[in-house]
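Read through the structure below, which is laid out as structure tokens, and then see the notes.
There are 2 protein chains.
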Amino acid sequence: MEPRHEHHHDAGVTGDLETLVARVPIFSGLDHEQISEIASRVKPTMVPRNEQLYGAGEINPYLRIIHTGTVKVYRITESGHEQVIRVLGAGDFLGEKALISPSASDHFAVTLTESEICSLNHDDIREYLLRYPSVAFTMLETLSARLESTEDQVSAIAGEDAGSRIAAYLVGLADESHRNSVALPITKKDVASFLGVTPETLSRKLALFEDKGWIHQQRHRRIDLLDIEALRLV
Amino acid sequence: MEPRHEHHHDAGVTGDLETLVARVPIFSGLDHEQISEIASRVKPTMVPRNEQLYGAGEINPYLRIIHTGTVKVYRITESGHEQVIRVLGAGDFLGEKALISPSASDHFAVTLTESEICSLNHDDIREYLLRYPSVAFTMLETLSARLESTEDQVSAIAGEDAGSRIAAYLVGLADESHRNSVALPITKKDVASFLGVTPETLSRKLALFEDKGWIHQQRHRRIDLLDIEALRLV
DNA sequence: ACAGGTACTTGACCTGCGTCAAGGCGAACT
DNA sequence: AGTTCGCCTTGACGCAGGTCAAGTACCTGT
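Residue numbers (our numbering), protein chains in the order written: chain B, 1266 to 1499; chain R, 1266 to 1499.
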């Protein structure tokens, strides 16, 4: 495996490659030998913050698996404004669209923090999918879960008002971190885009929630949820 | 295979089972022998109109493949209103959510026309996925395409105004049928739900389009598109 | 063929949220 | 440390589209 990672510098990877691969959810069903084989094809890279992984129009021949860090996936709508599609973290993958149907997509992906990312060539992945059906099955699980959460997004934007969506988003963050103090993974501007509101509306609703004593906003995108039950009922 | 298809009557299937299976996209990569094997496990059924295929809360152990007819998939949002997720036709499948992660989903599915539907037991399908990787790969393609179209729905609802979404929907129907006279596959109420507007708004926008001479509404949900270019620019 | 219910249309009203604008604050680079 | 740029907040305003209501047309089942 040659160190040809676009213009990124090489990985200062924590632990050996096989351990890293084994921790990736879509390879979790494989045995040690299979993991080794995949590890030999993987290209781990440290990617700096604010690096564009792929952009609209270009066909990128890599499936990216995030080992550490955060990546934002978004698109630019016809009317020119940015729509955040999802935010990916450790264990998530991206770039599957081009793998499955190699047409240009209008997605953009950019790192939000310095990230440790493995790139797998599409040809290799296609081979794994055919050879190790459990990999394909796990990808099906992931895509199915993504589809469901995107459907949630549709019903929320179409059916709930801005306040409900924002409250539900905060409660969701709290639920998955099991804490009542959450950190927004992205800027408020991006959260607003993700929730289908303007930054102004988000700002106003958060101020309103704070007035009612339901939340407390600290520095650095950190928000304490003081009354989760109230937020659930919004 | 015993004829135990809930309370539906047995299929008066056109052509033999193998031909039918071979025409299903997710099995298109298989050879004759494999098709035969699958055909022996398939339960084809004629389902009447307005029949509920599955409802929220219940875990339905079948993957359904639509051979003829139309099926509407929707959910009921927390605030109680119906949100149409997608409309499926010949060659499409549904029920894959429970196959992949057998948790109760909040989806409903109902036939809009009398439909010829094949049911495959989840255990059987799981076996095919592991044994014939091309089946899994085709399912990946389909899910990926669905994901993309659901993402389109998100950006459209969040970013475009009602008129644009409605015009784009009409143009989309025309594009896929290659004709400039289209038939809405579902009621206007359902189209409205799908597009994230109220039936009143849909009605008003269509009247507006007609005023401008861009469309002509006939009986029976049939609409002639008189000026597709104008609609594209809305 | 009839009756009933649902889908659709149109009108009047009103409000939530987007838009425009201006000011403060923090973060990143030199 | 200073400067700059983009993020965030708050205010004022207007309108797209949701809501409520009433009437008409359709479709469906008997």
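Even for Gly, the Cβ is constructed at its ideal location relative to N, Cα and C.
Keep in mind it's a predicted model, so treat the numbers as computed, not measured.
Supposed close pair residue i, residue j - CB separation, criterion 8 Å
i, j, result
"residue 1416 of chain R", "residue 1342 of chain B", "About 11 Å; that fails the 8 Å criterion."
"residue 1422 of chain R", "residue 1422 of chain B", "5 Å"
"residue 1387 of chain R", "residue 1340 of chain R", "Contact doesn't hold; Cβ gap of about 21 Å is too wide."
"residue 1292 of chain R", "residue 1400 of chain R", "6 Å"
"residue 1424 of chain B", "residue 1370 of chain R", "Actually they are not in contact, since the Cβ atoms of residue 1424 of chain B and residue 1370 of chain R sit about 17 Å apart, beyond 8 Å."
"residue 1384 of chain B", "residue 1310 of chain B", "7 Å"
"residue 1352 of chain B", "residue 1450 of chain B", "5 Å"
"residue 1412 of chain B", "residue 1412 of chain R", "5 Å"
Same chain, Cβ closer than 6 Å to residue i, neighbours up to 5 away in sequence not counted
i, result
"residue 1445 of chain R", "1439 and 1490"
"residue 1306 of chain R", "1389"
"residue 1316 of chain B", "1376"
"residue 1319 of chain B", "1325 and 1374"
"residue 1336 of chain R", "1353, 1374 and 1376"
Cβ shell of residue i (< 7 Å), same chain only, five flanking positions each side left out
i, result
"residue 1333 of chain R", "1355, 1380 and 1381"
"residue 1464 of chain B", "1453, 1454 and 1457"
"residue 1448 of chain B", "1486 and 1487"
"residue 1357 of chain R", "1331"
"residue 1299 of chain B", "1397"
"residue 1289 of chain B", "1330 and 1356"
"residue 1427 of chain B", "1462, 1466 and 1470"
"residue 1346 of chain R", "none"
"residue 1282 of chain R", "1304, 1307 and 1309"
"residue 1499 of chain B", "1428, 1429 and 1432"
"residue 1459 of chain B", "1349"
Reduced DSSP secondary structure (H/G/I, E/B, other) of residue i
i, result
"residue 1397 of chain B", "coil"
"residue 1377 of chain R", "coil"
"residue 1351 of chain R", "strand"
"residue 1446 of chain B", "strand"
"residue 1489 of chain R", "strand"
"residue 1481 of chain B", "strand"
"residue 1270 of chain R", "Residue confidence for residue 1270 of chain R is low, a pLDDT of 34 falling below 50, so the modelled location carries little weight and cannot support an answer."
"residue 1359 of chain B", "strand"
"residue 1425 of chain B", "coil"
"residue 1463 of chain B", "coil"
"residue 1415 of chain R", "helix"
"residue 1290 of chain B", "helix"
"residue 1455 of chain B", "helix"
"residue 1430 of chain R", "helix"
"residue 1296 of chain B", "coil"
"residue 1278 of chain R", "Low per-residue confidence applies at residue 1278 of chain R: pLDDT is 46, beneath 50, and the placement is therefore not dependable, though the value from the model is reported in the following sentence. If DSSP states are grouped into helix, strand and coil, residue 1278 of chain R belongs with coil."
"residue 1334 of chain R", "coil"
"residue 1390 of chain B", "helix"
"residue 1314 of chain R", "coil"
"residue 1324 of chain B", "coil"
"residue 1301 of chain B", "helix"
"residue 1215 of chain R", "Since the first residue of chain R shown is 1266 and the last is 1499, residue 1215 of chain R is not available in this structure."
"residue 1499 of chain R", "coil"
"residue 1409 of chain R", "helix"
"residue 1420 of chain R", "helix"
"residue 1283 of chain R", "helix"
8 Å CB neighbourhood of residue i in its chain, flanking five on each side removed
i, result
"residue 1481 of chain R", "1475, 1488, 1489 and 1491"
"residue 1478 of chain R", "1491 and 1492"
"residue 1394 of chain B", "1400, 1401 and 1404"
"residue 1286 of chain B", "1292, 1300, 1303, 1304, 1307 and 1383"
"residue 1361 of chain R", "1328, 1404 and 1408"
"residue 1495 of chain R", "1477 and 1479"
"residue 1473 of chain B", "1428"
"residue 1436 of chain R", "1490, 1493, 1496 and 1497"
"residue 1364 of chain R", "1328, 1387, 1390 and 1391"
"residue 1500 of chain B", "Lying before the first or after the last residue shown, residue 1500 of chain B is absent from chain B, which here runs from 1266 to 1499."
Residue(s) in a DSSP beta bridge with residue i
i, result
"residue 1339 of chain R", "R:1349 and R:1373"
"residue 1384 of chain B", "B:1308 and B:1329"
"residue 1319 of chain R", "R:1374"
**Message:** Count Cβ pairs between the stretch 1308 to 1325 of chain B and the stretch 1386 to 1405 of chain R that sit closer than 8 Å; are there 3 or more?
**Reply:** no
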